[in-house]
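Convert by adding 15 to the 1-based position in the sequence shown; the result is the number in the working numbering.
Glycine included, C-beta positions come from ideal geometry on N, C-alpha and C.
A quick note: this is a predicted structure, and the numbers were derived from the prediction, not measured.
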Amino acid sequence: MGQRTLLVLSLTVLVVVLVGTACASATATQDLHLASASSLPPNVRNAPLRVREAYQFAAANPDALKNVPCYCGCNAIGHTSNYSCYVHGANPDGSLVFDDHALGCSICVDIAQDVMRLTRAGKQPSEIRQFVISTYSKFGPANQ
16 MGQRTLLVLS LTVLVVVLVG TACASATATQ DLHLASASSL PPNVRNAPLR
66 VREAYQFAAA NPDALKNVPC YCGCNAIGHT SNYSCYVHGA NPDGSLVFDD
116 HALGCSICVD IAQDVMRLTR AGKQPSEIRQ FVISTYSKFG PANQ
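This is the structure we're talking about:
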């Protein structure tokens, strides 16, 4: 193999590697911030992993879940967003008062897990909200 052929082959490999790296960076996932499991009440800490992660995500990312409605019918109990299914309010010291509603509601947990997945994928809040509305509106009225 001549030096010229080797040079062309080397440059081709370099271009392929650089393009592959650039494409991989464009679709890289974002890390999610989750609250510590120790900050959760015992009944939530003992819940299945996907439920516990949803509570941890809600505690650490209130705006992400306040942005999306819930469709499980929880508007009847005063919930105003998917966040309300996890957090009832805050104590004077700032610690959260958790709502146990999502412990027994797969729709609430599925919505939070979808928000987590889409956030990880780098989707914008408006895109996430539209996905939740189009996916879950068939289950009932929105609470927003």
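Nearest candidate by alpha-carbon position, reference residue i, set the options
i	options	result
SER54	GLY93, ASN82, ILE143, ALA105	ALA105
ALA157	ALA74, CYS85, VAL112	CYS85
ARG135	ALA117, PHE72, PRO57	PHE72
VAL66	HIS94, ASP114, ASP108	ASP114
GLN159	ILE92, SER51, GLY119	ILE92
CYS120	PHE154, PRO107, SER149, ARG144	PHE154
CYS123	HIS94, ASP108, GLY109	HIS94
Buried or exposed by the 16-neighbour rule on C-beta atoms within 10 Å, applied to residue i
i	result
VAL130	buried
CYS126	Reading off the sequence, residue 126 comes out as Ile, not Cys. The residue in question, ILE126, is buried, as its Cβ has 16 or more Cβ neighbours within 10 Å.
SER10	One cannot answer for residue 10 here, as it falls past the ends of the chain, which runs 16 to 159.
LEU64	exposed
ALA74	buried
ALA52	exposed
Alpha-carbon to alpha-carbon, residue j and residue i
i	j	result
GLN139	VAL147	13 Å
ASN76	LEU49	8 Å
GLY88	ASP46	31 Å
GLU142	VAL83	10 Å
TYR151	SER96	13 Å
VAL112	ASN90	19 Å
SER149	HIS116	23 Å
ARG144	HIS103	21 Å
Opposing strand residues paired with residue i [DSSP bridges]
i	result
LEU111	ALA105
Presumed contact (8 Å Cβ cut-off) between residue i and residue j, rounded CB distance
i	j	result
GLN128	ALA79	Contact flag wrong, Cβ pair sits at about 12 Å.
ALA62	LEU133	That belief does not hold up - the Cβ atoms of ALA62 and LEU133 are roughly 22 Å apart, past 8 Å.
Proximity test, Cβ basis, 7 Å: residue i and chain B
i	result
SER152	No chain B is part of this structure, which consists of one protein chain only.
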